[in-house]
Each structure stands twice: as structure tokens, then as C-alpha cells.
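Chains as they are written, first to last, in the working numbering: chain P, 2 to 597; chain Y, 210 to 404.
Inspection log for the structure reproduced underneath, given as C-alpha cells.
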Amino acid sequence: MKKLLMGNEAIAYGAVEAGVRVATAYPGTPSSEVFAALAAMAKENGIYAEWSINEKAALEVAAGAAYAGARAMVTMKQVGLNVAADPLMTLAYIGVKGGLVLVVADDPGPHSSQNEQDTRKFAQLAKLPVLDPAAPQEAKDMTVAAFDISEELGLPVILRPTTRTCHVCQDVELGEQKNTPEPPGFAKDSRWVIFPSLAFKRHRWLNKQQEAARNILESLPFNSSEYAEGDVGVVACGVAYNYVKEALGILGVEVSVLKIGTPYPLPEKLALKFLQRHRQVLVVEEQEPVVEDQLINLTWSNGLPLKLSGKRGGYIPREGELDVDKVLSALAKFIGTELPRKQENEVLPPMPLRTPVLCAGCPHRASFYAFKQAAGNDAIFTGDIGCYTLGNMPPLNAMDTCLCMGASITIASGLYRVEPERKIAAFLGDSTFFHTGIAGLVNAVHNKANITVVILDNRSTAMTGHQPHPGLEWTATGEPTNGLDITKIVKACGVEMVRVVDPYDLETAKQAAGEALDFNGPAVVIMRRECAALTRKRQALRQVDLETCVGCGMCIDELGCPAIIKQDGLPVITNTCTGCGVCSQICPTGAIREVR
Amino acid sequence: MNLNIVITGVGGQGNVLASRILAQAAVEAGYKVRTSEAIGMAQREGMVMSHVRMGECLYGAVIPDGKADVLLGFELAETIRGLPKLNKKGVVIANKSCVIPVSAALGISSYQRDKLTRYLQDHVNNLHLFDATALAAQAGTVKATNIVLLGALAALNLLPYTCADLLNVVLESVPSKFKDVNKRAFELGYRAMEV
Ligand SMILES: Cc1ncc(C[n+]2csc(CCOP(=O)(O)OP(=O)(O)O)c2C)c(N)n1
Ligand code: SF4
Numbered sequence: 002m003k004k005l006l007m008g009n010e011a012i013a014y015g016a017v018e019a020g021v022r023v024a025t026a027y028p029g030t031p032s033s034e035v036f037a038a039l040a041a042m043a044k045e046n047g048i049y050a051e052w053s054i055n056e057k058a059a060l061e062v063a064a065g066a067a068y069a070g071a072r073a074m075v076t077m078k079q080v081g082l083n084v085a086a087d088p089l090m091t092l093a094y095i096g097v098k099g100g101l102v103l104v105v106a107d108d109p110g111p112h113s114s115q116n117e118q119d120t121r122k123f124a125q126l127a128k129l130p131v132l133d134p135a136a137p138q139e140a141k142d143m144t145v146a147a148f149d150i151s152e153e154l155g156l157p158v159i160l161r162p163t164t165r166t167c168h169v170c171q172d173v174e175l176g177e178q179k180n181t182p183e184p185p186g187f188a189k190d191s192r193w194v195i196f197p198s199l200a201f202k203r204h205r206w207l208n209k210q211q212e213a214a215r216n217i218l219e220s221l222p223f224n225s226s227e228y229a230e231g232d233v234g235v236v237a238c239g240v241a242y243n244y245v246k247e248a249l250g251i252l253g254v255e256v257s258v259l260k261i262g263t264p265y266p267l268p269e270k271l272a273l274k275f276l277q278r279h280r281q282v283l284v285v286e287e288q289e290p291v292v293e294d295q296l297i298n299l300t301w302s303n304g305l306p307l308k309l310s311g312k313r314g315g316y317i318p319r320e321g322e323l324d325v326d327k328v329l330s331a332l333a334k335f336i337g338t339e340l341p342r343k344q345e346n347e348v349l350p351p352m353p354l355r356t357p358v359l360c361a362g363c364p365h366r367a368s369f370y371a372f373k374q375a376a377g378n379d380a381i382f383t384g385d386i387g388c389y390t391l392g393n394m395p396p397l398n399a400m401d402t403c404l405c406m407g408a409s410i411t412i413a414s415g416l417y418r419v420e421p422e423r424k425i426a427a428f429l430g431d432s433t434f435f436h437t438g439i440a441g442l443v444n445a446v447h448n449k450a451n452i453t454v455v456i457l458d459n460r461s462t463a464m465t466g467h468q469p470h471p472g473l474e475w476t477a478t479g480e481p482t483n484g485l486d487i488t489k490i491v492k493a494c495g496v497e498m499v500r501v502v503d504p505y506d507l508e509t510a511k512q513a514a515g516e517a518l519d520f521n522g523p524a525v526v527i528m529r530r531e532c533a534a535l536t537r538k539r540q541a542l543r544q545v546d547l548e549t550c551v552g553c554g555m556c557i558d559e560l561g562c563p564a565i566i567k568q569d570g571l572p573v574i575t576n577t578c579t580g581c582g583v584c585s586q587i588c589p590t591g592a593i594r595e596v597r
Numbered sequence: 210m211n212l213n214i215v216i217t218g219v220g221g222q223g224n225v226l227a228s229r230i231l232a233q234a235a236v237e238a239g240y241k242v243r244t245s246e247a248i249g250m251a252q253r254e255g256m257v258m259s260h261v262r263m264g265e266c267l268y269g270a271v272i273p274d275g276k277a278d279v280l281l282g283f284e285l286a287e288t289i290r291g292l293p294k295l296n297k298k299g300v301v302i303a304n305k306s307c308v309i310p311v312s313a314a315l316g317i318s319s320y321q322r323d324k325l326t327r328y329l330q331d332h333v334n335n336l337h338l339f340d341a342t343a344l345a346a347q348a349g350t351v352k353a354t355n356i357v358l359l360g361a362l363a364a365l366n367l368l369p370y371t372c373a374d375l376l377n378v379v380l381e382s383v384p385s386k387f388k389d390v391n392k393r394a395f396e397l398g399y400r401a402m403e404v
């Protein structure tokens, strides 16, 4: 029987099938479950699996394994590739021996990302083949193929699923696990040492490999064409293929469809044949016009009498993700048929606003509250990426900037240069601290930026699904390891004022915040309290004594905890309470008490 | 046979588990399946929507507007937000209970429970509205609200597999110490449709 698998799990199964030996990753939605699934299968399959501290480290560890001839895989989200861009760009020149597959998940929409960058563009820039799966089954099949292609070309290969493949489940047919030979080990050779002279030679080689890659991709089943009568054709890329097929079914029209599963290098022979048979072609792809641009080149260099549209002509949106409804209107407009009449939807009644929020009892809420109390409204709170980015929401409104992982400290340092008198606090999580925070802290200390750094140490990488990080005592596969002590690291970076406090103890936290903000020189406050979603042992739950409550609303208006709702103007604590006790500490009448 | 089910609710209500269970039962019955789930930021009490499609010929996982045969609503307001996905002849099985967002407590927006309930009653022909959260609590934990709703769905004979098949998958999908609670929850949901 087929197995119900999420796209990300299917990729993990594909990697096991292909005989992967080393798997590395840094978490990031929508990619995280690939590695999580691989790590769970690591022991029985003799795979080494690590959560690395960041994507650059992850790619380099995987590349090292591939230098020694092992099959290796590294996974990350799209913005992770920016962090790993430095090794990637030169690794394309150096090449690999064992197959190296990068799984880089894109997030058009975006659903859970800070931008909508297109990894296929990155692949073009690095001159590396990229595969674009339409569904979990194809993702699994492409993963297996990617290792073979990587070894055949001696190049890393990128697999780029999007959210609608990563987080989609399908009944997937699994294959036999391959018997891959033992890795031969690292052979010393000048090819591994990049120098300008070698770079020139390897660049020529890399350029030559583009044609070799094109030929290999041309022969794969991931690209195919279905011909119909008439001179109208549609090119469908990645997940957009699903939308095109379904939309054509709804419209009840038959046109030729060229499915592209390998957007770079483009299978030109197949594409040229398709273009030659048609007069009007619509290219349907999400994100950037990667395939469209290559097809325009092909049309022009072959002098084809063809009208080619897509992003051009305004048929296909450039932002957000596609779906059947969007593709349906684009196709109807392009083909010139009537859209099936949409059912009239009634106007919805006034709906409550529902945005993601920090969990009930989240320690970050207490940390922000303490700092807001200590710092006043003029202070700037620079932020970073993690659950605590939600501290930006009302009523905390405790985040004034957010750019990318690690930027809290460095943006704060820059603001300080312009407004040295203003109080500035930079907030970042423990996982973010290890990812790219440490370098920013060293920079701030060395250059004497008078800022306060707040490390929200919830003992987890919470936002992306609670992965471990170097501050914890276990690895990705559950092996015990020495957790690094953030306090010691901060001190070793040269910070003279360091405080470690429990944010649930508001008074002490407030005091530490005040001292740090007043300190002359960089200061660090480590807010240490385990993520409430992980804490098994609950503290005593709270309830509001309505006799004592005067209805001032402070608990609600100051904290915005989802466990406290308002009924008839008074606060009521619901069953999601974790007993953190922060609301009890701010209630001016002492009305919030432990449930006995 | 082709069946499209949309599940709406609030992050943390067990939306993902419910769609996986429906899909797994379909795989076991020999159908092709696609699901799409909201995994990420929305899971922190945001709006979540899952899509489950089963049948013979499937492409994408996301159900187009107006093409859902069933809307399974885990929360009152979120059920209404899912209505544009529903086919006019479709069935709605919805929880009367609310999850009041922080924005309502803060007065940034309002949660008008009575108006929302009336809207559902006025605009959906084929509506099964009941307090699934209360039944889950009766079974032993409000966390089993999702399973109560699956039980209710199973009672309506819309699925291409039997109620027993679905219950089996439910029991395989939950940790052994929660099997009894979930079995009770499933049965309470099932019985809620009998009246
Ligand atoms: C370069 C990059 N890699 C990965 C991510 C995905 N990501 C977003 S938040 C986060 C984890 C943050 O963990 P932490 O700083 O400990 O904060 P917490 O969520 O635990 O509060 C990650 C990995 C990203 N946004 N950018
Ligand atoms: S998962 Fe943990 S860190 Fe994230 S919001 Fe919830 S309690 Fe806070």
C-alpha cells in the first residue's frame, strides 16, 4: 500500500532511498520537517544527522562529507540560502564528489517568511541545476534523481519545493533503498583549494557543465508535454502544473500543456518543440518569471513567430502564491473563453480579527513587559526573528524593527551611532543568538556600542517547531551533548554587565532591565525560562476573584494573554492558563489568585 | 467519487491531526489523497484552514472557492470564514463554541457570537451546529474537540469509508493512553448527529 506522506517527509524518504550518509539542517518553515523525518530514521539507516548552528555551517558540513565521497543533504528555508550563499557560490566552482543535494524550501504567499525570494533565481546565479516538485510523490522521486545528477555532474543540486509541496500530503509510492558503496574518503588534490587561477579554470568548467546539466534534465520524466489541437499552449511549472490541469478541467477546454519540473537549466529541446507548435503560449509559474525569461530567450534566438505571455502581459501575478482560482481567470482571459459563473458569496458579517499571538504563559510576554516598564516609551526595541517577533502585536507593541535573523543587535548598534543618548534594547532568542547573534555582539563590544542586548532564552528554537540548539544538552538524534553556557559566551565576548533572570519574576526582571539600560557600555540580560509550550509541569493555575476585581482591565490591556478573556466587562481566565502568574503580579488589587 | 473537505479553526485545535486522519482512512480505502495544512506561524492561535481531497483523479491540494463538499468548522467564527470555499449544496458541520481572540478582549475588534450564529443558520441550508467542545469535555478533554467533529462527520455517510474504518484510524493516530477518551469523543460526536 502507498504511504500517506507530507512532501517534506517524502523528501526524507527519497534521501534514505538514495543512500544519504550525512544530513544537516537549520530549521525554517516550510522546510523543517525534512530533516526532522530524516533524523528520526537516522539511526536505523546509518545516517549522521545534525541541526547545525546556521545554514552556512550546515552547507559546509554537508559539503565536507561530499568532498569525502559521501552522499549528503542539507535543508533550509529560502532565506537560509542567503546565509549559506558564500559557500554555495564557490562550491559550484569546486564541485563535489559524493552527491550533494540542497533542499531549499520557498514560501510564496508568504505564509511564514520575511520575503518571497525565488530560489530558482539563486540556482541560476550559482549556475546549479534546480528541481521544482509539483507534489510529494514527485518530490520523493526528484530527491532520488538529484543525488544521481549531482554525482554525474560533480555539482551540488538544488531541490526547491514550495509550501504547497512541503506541507501537502499525498499517497506516496516508495522505492527500494539503494545500496550505495562506502564513501572512498577524501583524496588530497589541488582541486579542493580555490585560488584565483583555479577559479578561472573552474568557472570555464562550470559554464560547460550547464549544457551537460541541460542534457541530463532533458531526459528526465519531470518534464513532459501533452499536445492538443490548436495553436494555444500553456507552460506550467512546479505546483502551478496542478492548478493549470484543474483549471483546464473546470473550463472544459483542451490545450497543449508543457510541464516543467526542472526550471534551470531549461530542457530546451523539449521546450523549443513545444514553442514551434504554437502561436500563443502562456507561462504559468509562481514567484519570478524564471522559466518565462528563458523561453523568451529561446523564442527570440530561434526567431519564432510567437506571442509569449505570463508575468508579462499581466496574466500571472508576480506576488503571492497561485491557486486554481487565479489560474482559472488567467487562462480564461488568455484563451478568450467565459469564466464559469462563480457562486455569489454573501457578504460576511463583521468578523473578529484573529492574528497569531504569543501563547498563554509565554515567557517572552513577561520579558517584554518588564523591559517596557523599565525603559519607557521613548526607548527603541530592535527585534529579531522567532516567536518573540509576535511581541510586536498589541498590546505589547514591543518591537520596533525586524529585518532578518541576527539583525537585532547590529541594527541597534547602527541606531546608536545616530542617537547615542537614546535607550536602545535589542531582543533576540537563544537559537538566533547562536545562529548569527554572537558575531553582532562581538561587533558591538569591540566598537563600544552602548546598547542593551536581551537574550530570550526559552531553551528552544520554538517558532519552527522546538528544535534543539547548541545551548541544550541533546542533539538532533537525541544523543547527550554538552550544552554551551550562553552566560559564559557573553562574558567571553567581553560584555562587562551580564544579568540572568527569570522573566516570570517581574520585579527582578524589571530591576535587571533598568540596570542594564543605565549601564555605560554594552550590557546583556538573559531572560531564562523554558518555552511554555514545552513545560510539562504546570504551575498553579490562576483565577480572578470577582469580589476583589475592580474591572480596571490592566491584566488584559497590558499583557494581551490569550488565556484571559473579557466577560461582561470583567476578566475571566480560561482553561489555556499555564499558571505563569505574571498577571497576578500586575493586578493592582491582588484579585488574581491561585486556583486551589 | 471525489470528495473535498475543508477544515477551519484556530491554531492549536488539532486541525492537522483531523485532516491526516481523514486522509489516512481514504488511503486505506484505496483512494488517491491530497491534504494541505497550515504549519508555521498560524499555529500560534491564528486562523488555520486544512484541505482534504480524496478520489480518483487529483491534482493540487488546495480546494478552489465554491468546491468544498463539506466544511468542518472547529470554531464558530472560523466556520464562517470558510464559507466561500463551500459548494452551495455542501454540508457544514460546525462547533458552536468560540475561541475569543486577544483582539476582542482588547476591544480592537469584536466577537459577536449571536450574530455569527444567526448568520450561519440563515445562510447554510445543510447545517449541523452543536457544541463539540462541550461533548469533548464530557468525553474527558476539550482537546478531543477535533475527534468529536470527526465522529459527527462519520455519522452523515458522506465519506467513502465506514465509520468503523475512520474510528480505527483515529485510535491508531492517538497515543495509547488517550485512546479511550478519543473513542468516547468520537462516539459522542456520532450520536450528536442522530437526533
Ligand atoms: C536565515 C533564517 N533561517 C531560518 C529562519 C527560520 N526561523 C524563524 S524563527 C526561527 C527560530 C528562532 O528561535 P529563537 O531565536 O530561539 O526564538 P523562539 O522562536 O524560540 O522564541 C527560525 C529558525 C529564518 N527566518 N531565517
Ligand atoms: S511556543 Fe513557546 S516561545 Fe513560542 S509563543 Fe508559545 S510559549 Fe512563547
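C-beta: ideal position from N, C-alpha, C; glycine also.
Only a predicted model underlies this, so the values are computations on that prediction, with no experimental measurement involved.
Remark: the C-beta of S461 of chain P is in contact range of ligand 1, defined as less than 8 Å to any heavy atom. Here the distance from the Cβ of Y27 of chain P to the nearest heavy atom of ligand 1 is below 8 Å.
One Cα belongs to V240 of chain P, the other to T164 of chain P, and the distance between them is close to 10 Å. By the 16-neighbour rule on beta-carbons within 10 angstroms, A272 of chain P is buried. Just measuring C-alpha positions, the residue of P:A413, P:N393, P:D385, P:S414 sitting nearest L404 of chain P is P:D385.
Taking a C-beta distance under 9 Å as the contact criterion, E219 of chain P and P182 of chain P do not qualify as a contact pair. Of the heavy atoms belonging to ligand 1, at least one sits nearer than 8 Å to the Cβ of T465 of chain P. Proximity to A64 of chain P across P:K78, P:G552, P:V131, P:E152 peaks at P:E152, based on C-alpha coordinates. Cβ-Cβ separation between S382 of chain Y and L226 of chain Y: approximately 7 Å, consistent with a contact (criterion under 8 Å).
In this structure, the beta-carbon distance from A361 of chain P to F148 of chain P does not fall below 9 Å. Scanning its chain for C-beta atoms nearer than 7 Å, with the 5 sequence neighbours on each side dropped, one finds around I381 of chain P the residues D401, L416, R423, I425, in chain order. Taken through DSSP and simplified to helix, strand or coil, P134 of chain P comes out as coil. Against L325 of chain Y, the close residues of chain P are P350, in the order they occur along the chain (beta-carbon pairs closer than 7 Å). Between the segment 560-576 of chain P and the segment 532-539 of chain P there are fewer than three C-beta pairs closer than 8 Å, too few to call the two in contact. The alpha-carbon of T462 of chain P is positioned some 13 Å away from that of T390 of chain P.
For ligand 2, no non-hydrogen atom lies closer than 8 Å to the CB of H470 of chain P. Just so you know, the alpha carbons of G275 of chain Y and L212 of chain Y end up roughly 13 Å apart. If you ignore the 5 residues before and after G570 of chain P, its C-beta comes within less than 7 Å of the C-beta of G552, all in its own chain and listed in chain order. Under the Cβ criterion (8 Å, minimum of three pairs), the segment 280-287 of chain Y counts as touching the segment 214-225 of chain Y. At least one heavy atom of ligand 2 lies closer than 8 Å to the C-beta of Y389 of chain P. The straight-line gap separating the alpha-carbon atoms of L299 of chain P and Y27 of chain P is approximately 38 Å. Rounded to whole angstroms, the Cβ separation of A376 of chain P and V583 of chain P is 18 Å, and the two are not in contact under 8 Å. The C-beta distance from A313 of chain Y to P353 of chain P rounds to 5 Å, short enough to fall under 8 Å.
The DSSP-derived three-state label of M256 of chain Y is strand.
Note on geometry: alpha-carbon atoms of M74 of chain P and E247 of chain P lie some 33 Å from one another. Following the DSSP letters along the chain, one finds I425 of chain P inside the beta strand (DSSP E) bounded by residues 425-430.
A188 of chain P sits exposed, since fewer than 16 C-beta atoms from the chains shown fall within 10 Å of its C-beta. In the DSSP assignment, H337 of chain Y falls within the beta strand (DSSP E) that extends over 336-339.
For the beta strand (DSSP E) assignment, the uninterrupted runs of no fewer than 3 residues enclosed by the segment 56-114 of chain P are, from N- to C-terminal side, 73-78, 101-106.
Taking the beta carbon of R355 of chain P as reference, the chain Y residues within 8 Å of it are V219, E254, G255, M256, A286, E287, P310, S312, listed in sequence order. With a minimum length of 4 residues, the unbroken runs of alpha helix (DSSP H) contained wholly in the segment 292-353 of chain P fall at 325-336.
Comparing C-alpha distances from N393 of chain P to each of P:L473, P:I48, P:I410, P:L359 shows the shortest one belongs to P:L359. Remark: C-beta atoms of V328 of chain P and V236 of chain P do not approach each other more closely than 9 Å.
For the 9 Å CB-CB criterion, Y265 of chain P and R121 of chain P form a contact. DSSP places F520 of chain P outside both helix and strand once states are collapsed to three, so it counts as coil. Nearest to P111 of chain P by alpha-carbon distance, out of P:W52, P:P31, P:M90, is P:P31.
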